[in-house]
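S.K.: So that we are looking at the same thing, I have put the structure below in structure tokens.
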Amino acid sequence: MKCYRCGGTMVFEKFFGICEEFFGWRCIFCGEIVDKVILENRLEQKR
Ligand SMILES: [Zn+2]
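541 is the number of the first residue of the sequence shown in the numbering used here; add one for each residue after it.
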């Protein structure tokens, strides 16, 4: 998995939201966070 912004390495991490935990990808260079919902939204916009 590469960061779509800077092309850096992304690591799979566990995040803690307001009322739930979720897993997502975080870029170790620019700090970009991508989770499942964000990815799905991005795919929707391409249609
Ligand atoms: Zn990045």
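Positions of the beta carbon are idealized from the N, C-alpha and C atoms, including for glycine.
(1) Taking 5 Å as the limit, name every residue whose beta carbon sits nearer than that to some heavy atom of ligand 1, in sequence order.
(2) Can you give the Cα-Cα distance for G557 and I578, rounded to whole angstroms?
(3) Compare the beta carbon distance of F555 and F563 with 9 Å and say whether it is the shorter of the two.
(4) Does the beta-carbon distance from C559 to C546 come in below 9 Å?
M.R.: Judging by the given coordinates:
(1) In chain order, the hits are C543, R545, C546, G548, C567, F569, C570 and E572.
(2) The residue labelled residue 557 in the question sits at position 17 within the sequence shown. The residue labelled residue 578 in the question sits at position 38 within the sequence shown. Rounded to whole angstroms, G557 and I578 show a C-alpha spacing of 14 Å.
(3) Against the sequence shown, residue 555 aligns to sequence position 15. Against the sequence shown, residue 563 aligns to sequence position 23. For F555 and F563, yes; Cβs fall inside 9 Å.
(4) Counting from one through the sequence shown, the residue named residue 559 turns up at place 19. Counting from one through the sequence shown, the residue named residue 546 turns up at place 6. Not closer than 9 Å, so no.
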